[in-house]
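Peer 1: Sharing a structure below in structure tokens format, with a few things to ask.
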Amino acid sequence: MNKVTTSPANVSVSGGNLVLNLSSSTSGSLISTNPNGGASTGYQFTTGYVEARIKFPGDGTNLYNWPAFWTTGQSWPANGENDIAEVLSGKMTVNYHSSSGSHNQGTVAGDWGNSFHTFGLDRKATSADVYFDGVKVKSYATDDGNAPQYLVLNVGASGSSPAAYGTASQVQVDYVRAWQ
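One rule links them: number in our numbering = place in the sequence shown (from 1) + 14.
Written as structure tokens, this is what we have:
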């Protein structure tokens, strides 16, 4: 279970980067353009390209906790969820969820922790392509009716991933960009 708090202590800016901190197993952080979980405010997009330059926590072999860069529609799962870069069980994964079910696109091999990488989503009306460092790593069909999507960055605790807290758990975000 991903536990998220709204404590400002879990979000900061350091060296020009947004820092999301997991300070304990019950105190993670989440930044979203949909801050009220269903509110109709904040940045949304239907088609276009979004990317973020992120440093995920890890030791070179495993990634820690449950950090992710993802999009979601206002009504889940009908409006879809694109997990652009999601750590599950210590590995980097790409996933898609909709009312027709979860579609795990699998892991992406590589050392995605402890250094900055660029993660992107090219969303079209009925499909999506995911890019890591400018290289297409996954493509999949979508069936969410091209519903508007919000951007989400988070780090939370998970029983299935190697755990680390404090500085070792930090997700650092250099930038988030969107083109429509």
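Ideal placement from N, C-alpha and C gives every residue a C-beta, glycine not left out.
Per the contact definition of three or more C-beta pairs closer than 8 Å, is the segment 118-125 in contact with the segment 156-163?
Peer 2: Touching, no.
Peer 1: Just the C-alpha distance for L167 and P81, rounded to the nearest angstrom, thanks.
Peer 2: Taking the straight line joining both Cα atoms gives about 8 Å.
Peer 1: H195 to M106, Cα distance in whole Å?
Peer 2: There is no way to answer for residue 195, as the model of the chain reaches only from 15 to 194.
Peer 1: Closest to P114 by C-alpha separation, out of G104, N93, L34 and F130, would be which residue?
Peer 2: The question names Pro, but residue 114 is Ser in the sequence shown. Closest by alpha carbon: N93.
Peer 1: To the nearest whole angstrom, what separates the beta carbons of F133 and A192, a pair I think is in contact under 8 Å?
Peer 2: That belief does not hold up - the Cβ atoms of F133 and A192 are roughly 13 Å apart, past 8 Å.
Peer 1: Could you work out which residue in Y63, T86, S103 and W84 is closest to G72 when comparing CA atoms only?
Peer 2: Closest option to G72, Cα to Cα, is S103.
Peer 1: Return the CA-CA distance between Y57 and T75, expressed in angstroms with no decimal places.
Peer 2: Y57 and T75: Cα-Cα distance of roughly 35 Å.
Peer 1: Return the bridge partner residues of I98 from the DSSP annotation.
Peer 2: Its beta-bridge partners do not exist; DSSP assigns none.
Peer 1: Assuming L135 and Y63 are in contact, meaning their beta carbons sit under 8 Å apart, how far apart are those beta carbons, in whole angstroms?
Peer 2: Confirmed, Cβ separation roughly 7 Å.
Peer 1: Using the Cβ count rule (16 or more neighbours within 10 Å means buried), how would you classify V149?
Peer 2: Exposed.
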